[in-house]
Amino acid sequence: MIYLGQRIMLGVLCAAIMILIIHAGIRVILRHRPAEWPLQTLTRPRSSFVDEATRVVLYTSQLAHLKRPMILVVGGSAAQEGYLPANIVQLAPGFDSHNLALAGPNMTEVEQVLSEVVKAAPPDIMRRSTLVISLTYAMFSPDSVRWRNPDLVSASEIEKRELATDIDRGVMRCPLVYNLKVLFGRDSPRWLERIVLAHYRGYLELSRRLPSGITNLHLPLRRLWAFDPRRPRAHEADAAAESQRDQAPVQGGGPQAEGKNQLAFLDRFMGGQRGAVPIEQFERLMKIIDRARKAGFHVVVVNMPLPTWHLNATSYFTPYHVELNKTLAPLIRGQSVVYVDLTGTVPDDAFRDSSHPKESEAMNWSKVLVSHLDLSGPEFIEPAKNRQFVDLRPNSRR
Amino acid sequence: MAITSFAFLGFVIVYASLFNLARGQIRSHFIFPIANLIFLWLVMPNVTAVWGFLLFVFVVWIATHVVSRLKSPILYPITIFMIVFLFGVLKKYQFLTFLPFISGIPRIIGLSYVLIRSLQLIVDVRDGSATKPALLTLFNFLVAWPTLISGPIQRFQDSESQQKAMATFELGEAAVDVGLRRIARGFLFLLVLAEVFRIQWLNLVHLETQQSAPVAMAGAQAAFLVHLFFNFSGYTDVVIGTGYLVGLNLPENFDRPWLSTSFLDFWSRWHMTMSNWFKAYVFNPLLLFLFERWPDARLTEIHGLIAFFITFFLVGLWHGPTTAFIICGLLLGLGASVNHVYRTYLRRWLGKSRFDRLCADPRYMLACAILGLAYICFSVTPLWMTFEEILTVVHALHLSGIIIAWFALIGLSAVVVPLFHLPSKWFRVPFSLSPRWATALQVGAVLVAVDIYSFLSPTLGGALFYGRF
């Protein structure tokens, strides 16, 4: 038995030394550490959906050490790119800002993000903080459609009986962090947390630099076969195209033509039942608001802007908008949430595609958001009395 | 409880500690059977399955007493038939689904392995090569937790002697080193390598289903075999390694199957305990029966042909109760028969010396190895496809697609097989370490590999493919 214990201890020691060597190699060769503060899921170049979810799982435990109230953004990719924490902090001094919005989520995943935040953030800070839930109609894709979408989920995942969101897969990537949270909640020892986070951050830094076909083994093999090291990776190609589009003014039907592809993608994303948005995810939104309010957050729901050509072409927006107004109406009347509807408030040339802002427009988007937040006092407990339904559209549909 | 779970690791650690701290008969009479019972309860889907399993063990115990006491020539085949029938009922074979109560029977894990161990025991007890077992010894043999899920298939005589030797077992330094290295290698195979190939296999199946691509089908067939090797061989490594720590010397299941030079050679290197069992208890008696029934020297080759076909057909059928497994059995039987006939007639045609010279030619060996491996990938396809899926693929690919897939499989084998035959000295490590540090390094390296892989891939594998048989 002594030999057995001795060998196991030596084996663990060897593993620890090897991992230290790997991390040292990553540090020396890559010479970069990812940003930890403010918390932000957006990376440039854009990483994969699961990588972004992994960042949520990894970084939210840092919220345990918040000292100031925060403006926390959750939602989809438009909010991820439009509400950069660095901009919001400039516009709202005295507040921290974090952006845990994800690419391609639905409300189920937003609820999971909120759950991670509530587990970590100190209750007294949450009572002085604002949660911005940014919405687009695509976030109301039902679970059975979103998490079985063959464009985004691997065949083997689709075959499984249980639905798994990107957050679920992110959790599986960093079980030590997840288990730490399970074991200790928000009171995990700092030293242990630091070691575990440093460990995964190193891997994250490494995985972001590897071809996506290698780091995401669940991609169909044809992606791996199609991989050409001289060609930019998918998200890098997107980033390059974004940069070109940002430089060139939008003229004629350029973006619209490309937008057709994006609308076709969104059509599949929503399950192809045109003109209908199921109620399931609206109920989830209510749960999110309820949970956030119970945790002490001031909740601001933002309906994100879309270009007019997108609004005219999609059949999902109108039913979504009607249902959203209906869902939120009692909460607005009871002053439980602030609703900011930005539909039609942003000119079309501020968009780089069907829903995302140009990089140069991010500050303007943040300004609009911050202008609608009541940040008057650091110790506000109840929603401010002057909070009302805000609709900035030129042609109000109220 | 999966073999790759923390629960299993905890079970092993607790059992190994208790076993090695205890002394004397208490190990085999108390700790081992209690652990077997707990393990049985942990791996079975529900309590009914546990009772079903225990019922089967009890019936086998009665059967051994019946065949040892009553030497009736009629009673023996009836006993064997009853055991096989009970197995068929508990396994819910398709041709027994008319029985009214069969739908309520839960899935019982490891029953196929228990059946062949039971048959071996009954045959040996009747022949006198094994003694009539005590109930506890039989329970420890059939429910032995390291071999419960998927073998390896141990002979009763070996199990009995090892149960007796448990009382005096001392865990030495060498056993710890060998055992831990096997366990580490097993987890590397199960958690990382098998999972990598499982994902590629499923991706290729998906690609084939979507696009009816013959090359994807060939890739899926090859990827499945590699996945199966790492999965099953990894499991066997973990089990054998665990055995080293608790006084069980379990038989090997794999002997470098990638070096096989023909279909028949492959089966003498792959799942060896099962192959040896079928050889000893099906092939040899069947061949003997055929010789005795039709003792004509001119029929020797026909006897061999029939014996090979039936044996390999039963190997396929043993895996499962559905039509797909019957097809698998037919394909395996066909492969073994063709291999046997080809070898026999080539020897007759060339003469013994020229045939031996041809077999020693590396180019000929390589060609046979490529064809053999390609056919094996093809013949085990029904292990992962239902009959309906097979029909869909056949309809989608048509004959031309199937031929293209077949040639793609041969092409793939032609690329891969020569790599297996590279001189082993090229892969020799130029330094040596003491066993202590070699073990520690190997365990550490596996821990790191699993850690990195679990981060890179959103899911960690480890589900045992053979667990379903």
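For the protein sequence lines, the chains are P and L, in the order given.
For the first sequence, this note's numbering begins at 22 and goes up steadily by one.
For the second sequence, this note's numbering begins at 389 and goes up steadily by one.
Ideal placement from N, C-alpha and C gives every residue a C-beta, glycine not left out.
Small disclaimer: the values here were computed from a predicted structure and weren't measured.
Rounded distance between the beta-carbons of residue j and residue i, thought under 8 Å
i: residue 322 of chain P; j: residue 156 of chain P; result: 7 Å
i: residue 557 of chain L; j: residue 424 of chain L; result: Rounded, the Cβ-Cβ distance is 17 Å, inconsistent with contact.
i: residue 833 of chain L; j: residue 39 of chain P; result: 7 Å
i: residue 431 of chain L; j: residue 536 of chain L; result: 7 Å
i: residue 678 of chain L; j: residue 694 of chain L; result: 6 Å
i: residue 550 of chain L; j: residue 672 of chain L; result: Not really, about 25 Å apart at Cβ, beyond 8 Å.
i: residue 441 of chain L; j: residue 428 of chain L; result: 6 Å
i: residue 602 of chain L; j: residue 789 of chain L; result: 4 Å
i: residue 510 of chain L; j: residue 468 of chain L; result: 7 Å
i: residue 360 of chain P; j: residue 349 of chain P; result: 5 Å
i: residue 735 of chain L; j: residue 743 of chain L; result: 4 Å
i: residue 669 of chain L; j: residue 545 of chain L; result: About 14 Å; that fails the 8 Å criterion.
i: residue 121 of chain P; j: residue 138 of chain P; result: 7 Å
i: residue 650 of chain L; j: residue 756 of chain L; result: 5 Å
i: residue 780 of chain L; j: residue 710 of chain L; result: Incorrect: roughly 15 Å between the Cβ atoms, too far for contact.
i: residue 530 of chain L; j: residue 506 of chain L; result: 7 Å
Below-8 Å beta-carbon distance, residue i vs any chain L residue
i: residue 32 of chain P; result: yes
i: residue 36 of chain P; result: yes
i: residue 104 of chain P; result: no
i: residue 173 of chain P; result: no
i: residue 40 of chain P; result: yes
i: residue 352 of chain P; result: no
i: residue 25 of chain P; result: yes
i: residue 341 of chain P; result: no
i: residue 271 of chain P; result: Because the pLDDT of residue 271 of chain P is 43, which lies under 50, any placement of that residue in the model is unreliable, and the number read from its coordinates should be weighed accordingly. Not an interface residue.
i: residue 291 of chain P; result: no
i: residue 28 of chain P; result: yes
Proximal chain L residues relative to residue i, where beta-carbon distance stays under 8 Å
i: residue 196 of chain P; result: 842
i: residue 224 of chain P; result: 840, 843, 844
Chain L contact residues for residue i, given Cβ-Cβ distances below 9 Å
i: residue 221 of chain P; result: 843
Where residue i meets chain P, residues with beta-carbon distance less than 9 Å
i: residue 619 of chain L; result: What residue 619 of chain L touches in chain P: nothing, since even the nearest Cβ is about 15 Å away.
Short CB-CB distance (under 8 Å) between residue i and chain P
i: residue 561 of chain L; result: yes
i: residue 447 of chain L; result: no
Interface residues of chain P facing residue i [CB-CB closer than 8 Å]
i: residue 568 of chain L; result: 25, 28, 29, 32
Proximal residues of chain P, C-beta to C-beta of residue i below 7 Å
i: residue 564 of chain L; result: 24, 25, 28
Worksheet item: Taking Cβ-Cβ distances below 9 Å as the criterion, which residues of the stretch 818-836 of chain L are in contact with chain P?
Response: Listed by position, the residues of the stretch 818-836 of chain L near chain P (Cβ gap below 9 Å) are 824, 825, 827, 828, 829, 830, 831, 832, 833, 834, 835, 836.
Worksheet entry | Segments assigned alpha helix (DSSP H), at least 4 residues, entirely inside the stretch 175-204 of chain P | You should have 176-180, 187-194.
Worksheet entry | Interfacial residues, the stretch 401-413 of chain L to chain P, with Cβ spacing under 8 Å | Listed by position along the chain: 404, 405, 408, 409.
Discussion item. To be precise: take each residue of the stretch 628-660 of chain L, compare its Cβ to all Cβ atoms of chain P, and keep it if any distance is under 8 Å. Which residues remain?
Written reply: Within the stretch 628-660 of chain L, the qualifying residues are 633.
Worksheet item: At a Cβ cut of 9 Å, what residues of the stretch 769-785 of chain L count as close to chain P, listed as they run along the chain?
Response: From the stretch 769-785 of chain L, no residue has a Cβ closer than 9 Å to chain P.
Worksheet item: What runs of the alpha helix (DSSP H), each 4 residues or longer, lie entirely inside the stretch 653-689 of chain L?
Response: Runs found: 660-666, 672-681.
Worksheet entry | alpha helix (DSSP H) runs wholly inside the stretch 544-617 of chain L, at least 4 long, in chain order | As far as the stretch 544-617 of chain L is concerned, its whole alpha helix (DSSP H) runs of at least 4 residues are 544-553, 561-575, 582-599.
Worksheet entry | Sequence ranges, alpha helix (DSSP H) only - wholly within the stretch 502-547 of chain L, length at least 4 | Here the runs fully enclosed are 523-530.
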